[in-house]
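Engineer: Sending over a structure as structure tokens; questions will come in a sec.
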Amino acid sequence: MDPTRRIDTHDPTAESQRRRALASAHVGSWSRHLVTGVAQVDLVWCQSLNLDPCAGPDHIERWARRIHPDDADPFLRAHADLKAGGPARAEFELEYRILTLDSRWLWVLQRGRITRTAPDGRALEAAGICIEIDARKRAEVEAHENEQRLATALWGARAAFWQIHRPSDTATRSPYWYAMTGYSREAWDEEPQPWLSRIHPEDRPQVQRLMDEHLEGRSQYLELRYRLRCANGAWKWIMDRGRVVEWDFDGQPVALIGVSIDIDEQKRAELALRSTEARLETAIWGAGVGLYELDCITGTTFWLNDWCARFDIDPCEGAEHVDRWDQNIHPEDLPAARARFSGHIAGTEEYYDAEYRIRTRSGRWRWIFERGRVIERDAAGKALRLVGTCMDIDQRKRAELAVRESEQRLRLALEGGRGCLWEWDCEQRVFNDAYYLFHGVDPAEGRRDPEFWRNRAHPDDVARISDADRAVTDGRLEAYNAEYRVMHADGRWRWMVDRFRGEGRDENGRARRLVGFAVDITAEVEAREAMRAQATLLNLMRDAVVLVDRSGIVRLANPAFHALLGAPEGTLIGQPIRERVIAAVPEFPGITQAGVQQFMARSYGARTTREIDWNHPDGRVLRLVLTLTPLEWEGSLGVLGVLVDVTAEKRLERQIVEAAAREQRRLSSDLHDGLGQELTGIALMLKSIAGGLAEGVRPARAQLDEIVGLVNHAIESARVLARGIAPVSSEQGGLPGALRTLADSLSAMRGPKVRFHDRLGGHCRITDEAATHLFRIAQEAVANALRHASAREVCIELGATEAGEVQLEIRDDGQGFPEDSAASRGIGIQTMRFRAEALRGTLELHSTAGVTVRCRVPVD
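Here you go:
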């Protein structure tokens, strides 16, 4: 037989072969006379799937009665549209469930088109094919869950995969790798040797050496740490781990596979720690601080620097350090120091510090300040390791004791006025102790800086005060009053009013010291500036602010509030709150004294916030967030109202969500109706060719069968992807149909039982965008119940509230979780809340015996 000859479709033998071929592929033909209503479905196909062919004039009605109730109406509408004819209705495609003779629901895909029309354009006949897609439908859910698990694993590990083929010198990298480095694939390949050329020059030799060792078989695994130049020009630390997985016959490596991990933060933290340690060592040396570490179990200590030698003190290194050190402490100071130390070791004190005199090697007493802290304890709280510091305070302490009595009297006098009497020695370039303490600095430390004041004064004030300082010192001015800012030890700028004069002038008239009185006026300046800033801020605010007293009189209103009411600026102050404000915002207190008092009695101490629609005088309807807060104003209670315009944000948020949903539906349609149909056509053509080959040409036929299998697999993959992108569509039962499919698919996996109850009854019209959001909420809630809560049964219920809202409720019998736990603030639940807010709805989460997720949204 000539395999290229055209098959006669009227040949009974050829028709029989065609039917058997279609049946073996689970594809059956159907035809219908649109005038008489006579229709038939391929008998062989129906028998292979245990379906009733419903032959006869009333085929459509009988066939429709066997279709699942959720799918029957779309089926009847599709056939009615086909009968109506016309270019827009010349074709149709529909997926639905049909009841087999053994009472099973079976998913099928029916596709058809008008095959004959009358001269006047009326449709006369239609024909097409039916395809069994039950396995594909069940596989969709499983494939979707596998994709989610893989994506979660990649995201959680923050690992980018790569593979290198040595013979071709090519590398394949995962999308996350490019996202981690900022390159696109095209930009990455622009340079020769794109990976090696972008490694930091200092790291490249080490990387090359380790690569060569592994490729030559001298190391079992490959681990590299290096800096890579990213797309933005910055260097990022990367760690690669991998190994050779394939060799050729000569033992040469062919393929390497591995992962890249972003260790930039870890590496920079390590380098920063090293730098910090070096700076700490330098700072300790410069500050004259001794640093030691004590093993609290053995009593052994060692010093990290030569502080003891610098001050002629025995370091008492080695075992029994504490007892030997205590023997050198002055008897009057030992009890207090030992009590502080013992309390901290026992855990009753947060840290240990003490000032005491210690005997030097030469036999004199020297004042030191010691501070320490336990940095390691065992499980029972027992101290294991302590780190401490010692500072020489001998000079400061002796001076302090000498003037303590006089300073005590002076301190009491100055504390009330937040002032300080200070002296500046022009030759020694030091202040008295009171001045350093006034700025929160230890006098011993302050005296080490001869430019103490200049280094702490505000840059804008230094030149002015320095000129006055020189004028007073030179005798050109007797005294000077100054107001300036200076940095306190707590890191804050503080305002000072300072009056000083020169004393003890030499033969040239130059003062040997300056004496002054400084007063801290920070609180007064900050209060003055705060009031000025608040007034300016209130006037510049885009948010409307109004303050109403007990009688409903406006006491404060910024320009934005005047503009919101269309009133000239300043005209609302002292006037009763307008009636249109009360009409637009029922929660706003009434203009009567009783109304204001009633609101404050109900809400005092609490803040009330809600979104409202505001009719602007120019005709616009604005979306505002209104916040009402009871407030004490000039000794009386009032109500502060703040109105924030969120119209643009709400509009933009909704447009973004709707655009994303439209794009998902477009992608799904392109995949399903475009690529899916084209692949199906190819598969049918290949089947037809395979059926026409002679029995003797088995190799060619086998190859065609293999090609048909690959094409059918591609068809299923395309439709799985299309279903995942747009799971909800009105043509497939809308939201109820999608939720029922979700429940049936999960229950069919022989796992926990998932039930769906449709109590909406088709009374409410839900847009595709709203349906998609509600489906994703249900999908996330069910996934959480099955994945994290170990639920055995999940119930999905779709209905309506008495207020006319659509209500979606998902309940499970899992283990639940505390409502204030981290699980209740996870990314999945946050996503569900965002979707509910995008529909201007609410999402409630309750966890008692299991978890209940309830979402209510308005129908519009």
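Heads up, the sequence shown is in this note's numbering, so the first residue is 88 and it goes up one at a time. Even for Gly, the Cβ is constructed at its ideal location relative to N, Cα and C.
1) Which term fits L624, buried or exposed, when burial requires 16 or more other beta carbons within 10 angstroms of its beta carbon?
2) Between the Cα of A876 and the Cα atoms of R927, V938, C882, G820, which residue gives the shortest distance?
3) Would you report the Cα separation of E442 and R485, rounded to the nearest angstrom?
4) Considering only residues of the same chain and omitting the five flanking positions on each side of R203, which have a CB-CB separation below 7 Å?
5) Under DSSP, the beta strand (DSSP E) around L724 begins and ends at which residues?
6) Locate the beta strand (DSSP E) running through I325, then write down its first and last residues.
7) Between the Cα of S462 and the Cα atoms of R472, D899, E698, L302, which residue gives the shortest distance?
8) Under 7 Å between the Cβ atoms of W264 and A247?
9) Checking the sheet assignment: what are the DSSP bridge partners for P161?
10) Hey, how far is the Cα of L659 from the Cα of A622?
11) How is Q902 classed by DSSP in three states: helix, strand or coil?
12) For S261, I'd like the list of residues in its chain whose CB is within less than 8 Å of its CB, leaving aside the five on either flank, ordered along the chain.
13) Measuring CB to CB, does L873 end up less than 7 Å from P823?
14) Taking M574 as part of the beta strand (DSSP E), name the residues at either end of that continuous run.
15) Please check the pair K170 and L121, which I expect to be a contact at CB under 8 Å, by giving their CB distance rounded to whole angstroms.
16) Find out if the Cβ-Cβ distance for the pair A825, V815 is shorter than 7 Å.
17) In this structure, how does DSSP classify V946 when only helix, strand and coil are distinguished?
18) Is K840 helix, strand or coil when you go by DSSP?
19) For S832, which of R153, A222, H155 has the nearest alpha-carbon?
20) So, for V733: in the same chain, excluding its five sequence neighbours on each side, which residues have a beta-carbon less than 8 Å away from its beta-carbon?
21) Compute the beta-carbon to beta-carbon distance between A531 and I455, rounded to the nearest angstrom, for a pair I have assumed lies under 8 Å.
22) For A865, collect the residues of the same chain with a Cβ closer than 8 Å to its Cβ; drop the 5 residues on either side in sequence, then sort them by chain order.
23) Taking P279 as part of the beta strand (DSSP E), name the residues at either end of that continuous run.
24) Could I get the ranges of all uninterrupted alpha helix (DSSP H) runs contained in the stretch 389-473, with 4 residues as the minimum, in chain order?
25) First and last residue of the beta strand (DSSP E) that includes H155?
26) So, with DSSP's three-state summary, where would you put N137?
27) Determine, using beta carbons only, whether G329 and G345 come nearer to each other than 7 Å.
28) Out of C383, L932, G377, L381, which one is the CA nearest neighbour of D393?
29) DSSP three-state call for A887: helix, strand or coil?
30) Taking Y183 and H155 to be in contact with their CB atoms under 8 Å, please state how far apart those CB atoms are, rounded to whole angstroms.
31) Give me the Cα-Cα distance between G405 and N415, rounded to the nearest whole angstrom.
32) Figure out for me which residue from P402, D351, H431 has the closest Cα to the Cα of C383.
33) What does the Cβ neighbour count give for D129, buried or exposed, with the cut at 16 atoms within 10 Å?
34) Ordered along the chain, which non-local residues of its own chain (more than five positions away) have a Cβ less than 7 Å from that of L727?
35) Give me, in chain order, the residues of the same chain whose beta-carbon lies closer than 6 Å to that of P402; leave out the 5 immediate sequence neighbours on both sides.
36) Between which two residues does the beta strand (DSSP E) carrying L186 extend?
Structural biologist: Let me lay it out:
1) exposed
2) V938
3) 12 Å
4) L211, E212
5) 723-732
6) 322-334
7) Looking at the sequence itself, residue 462 is Ile, so the reference to Ser does not match. Nearest of R472, D899, E698, L302 to I462, Cα basis: R472.
8) yes
9) Looking at the DSSP assignment, P161 forms no beta bridge with any residue, so it has no partner.
10) 17 Å
11) coil
12) L241, A247, F248, W249
13) no
14) 566-574
15) 5 Å
16) yes
17) coil
18) strand
19) A222
20) E698, R710, L711, V712
21) The Cβ separation is near 11 Å, so there is no contact.
22) L826, L829, I883, L895, I897
23) No beta strand (DSSP E) contains P279, which DSSP labels as neither H nor E.
24) 394-397, 408-413, 421-433
25) From DSSP, H155 is part of no beta strand (DSSP E); its letter is neither H nor E.
26) coil
27) yes
28) G377
29) strand
30) 6 Å
31) 16 Å
32) H431
33) buried
34) L634, T716, L718
35) W390, C395
36) 178-186
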